[in-house]
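Asks: 427 is the number of the first residue of the sequence shown in my numbering; add one for each residue after it. Beta carbons: idealized from backbone N, C-alpha and C, even for Gly. Okay, here's the structure, questions in a sec.
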Amino acid sequence: MKENNMHYKYLSYSSPKEKIDYSYSEFKGELFMDAWKNSRALSKVEKEQQNITFSYSEEENTKALLTNWLVEFQNSEFKDFQKLKLLLKRFEVTRKIYETYDENFRPLNKNTKFTENTLYLLFSFVLVNAYKETKKLYYLNSLLKVNDILISNEKDLTENDISLLNLCVAEELRFIDNLRNTLK
427 MKENNMHYKY LSYSSPKEKI DYSYSEFKGE LFMDAWKNSR ALSKVEKEQQ
477 NITFSYSEEE NTKALLTNWL VEFQNSEFKD FQKLKLLLKR FEVTRKIYET
527 YDENFRPLNK NTKFTENTLY LLFSFVLVNA YKETKKLYYL NSLLKVNDIL
577 ISNEKDLTEN DISLLNLCVA EELRFIDNLR NTLK
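What follows is the structure, given as structure tokens:
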């Protein structure tokens, strides 16, 4: 990568409490792409590829749902794309993943928590799998935003969290590189 003084402006430690604004974002060409790639350079642990497996447990609500979806992706059994699209739509509006939802993916009440990093990590990994399986750009679009939130809060992540985030970011980078190569 070339020397680049452009700042990637979509990282904010106040996210998800404050929504990162992507509206009317102007594309700045290769300088922007370099700044984006530089923002993905995580620092806490060595970037080693690991095989991560998920197992479903009878936990409650969002964490259980996302974990169950990951198990289904792992077993090539995921079919709940309508529900995932609804959660994705809610995330796109709020930029939050709540601990509990009603059946329409609305927070159960105004005090429902949305700051648990694990939920964003699980959602990121779900989006990686959904994009891999479908190549639908809306999954990749949301993956970029979820990863912005996670990278913004990197200092609050554990080493295990960082390992999972490294996998998600590596996939994100690969997806974008593949897209760019098909457009050349």
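Look at Arg521 and Lys445 and say whether their C-beta atoms are less than 8 Å apart.
Replies: As a position in the sequence shown, residue 521 is number 95, starting the count at 1. As a position in the sequence shown, residue 445 is number 19, starting the count at 1. Cβ distance < 8 Å, so Arg521 and Lys445 count as in contact.
Asks: State the Cα-Cα distance for the pair Lys571 and Ser438, rounded to the nearest angstrom.
Replies: Counted from its first residue, the sequence shown places residue 571 at position 145. Counted from its first residue, the sequence shown places residue 438 at position 12. Near 11 Å, if we compare the C-alpha coordinates of Ser438 and Lys571.
Asks: For Leu609, is the classification buried or exposed, using 16 other Cβ atoms within 10 angstroms of its Cβ as the cut-off for buried?
Replies: Residue mapping note: residue 609 aligns to position 183 of the sequence shown, counting from 1. With fewer than 16 Cβ atoms within 10 Å of its Cβ, Leu609 is classed as exposed.
Asks: Suppose the cutoff is 8 Å on Cβ atoms and the five residues either side in sequence are ignored; what does the same chain contact list for Asp506 look like?
Replies: Within the sequence shown, numbered from 1, the residue matching residue 506 stands at position 80. Excluding residues within five positions, the ones whose Cβ falls inside 8 Å are Trp495 and Glu498.
Asks: Where Glu585 and Asn535 are concerned, what is the direct C-alpha to C-alpha distance, given to the nearest angstrom?
Replies: By 1-based counting over the sequence shown, the position of residue 585 is 159. By 1-based counting over the sequence shown, the position of residue 535 is 109. Taking the straight line joining both Cα atoms gives about 32 Å.
Asks: For Asn604, collect the residues of the same chain with a Cβ closer than 6 Å to its Cβ; drop the 5 residues on either side in sequence, then sort them by chain order.
Replies: As a working mapping, residue 604 is identified with position 178 in the sequence shown. Cβ within range, chain order: n/a, list empty.
Asks: Am I right that Thr488 and Glu525 are in contact with their C-beta atoms under 8 Å? What's the rounded C-beta distance?
Replies: In the sequence shown, residue 488 corresponds to position 62, counting from 1. In the sequence shown, residue 525 corresponds to position 99, counting from 1. Their Cβ separation, rounded to whole angstroms, is 6 Å, which keeps Thr488 and Glu525 in contact under 8 Å.
Asks: For a test of the three-state rule: what should DSSP assign to Tyr434, helix, strand or coil?
Replies: The residue labelled residue 434 in the question sits at position 8 within the sequence shown. Tyr434: coil per DSSP, three-state reduction.
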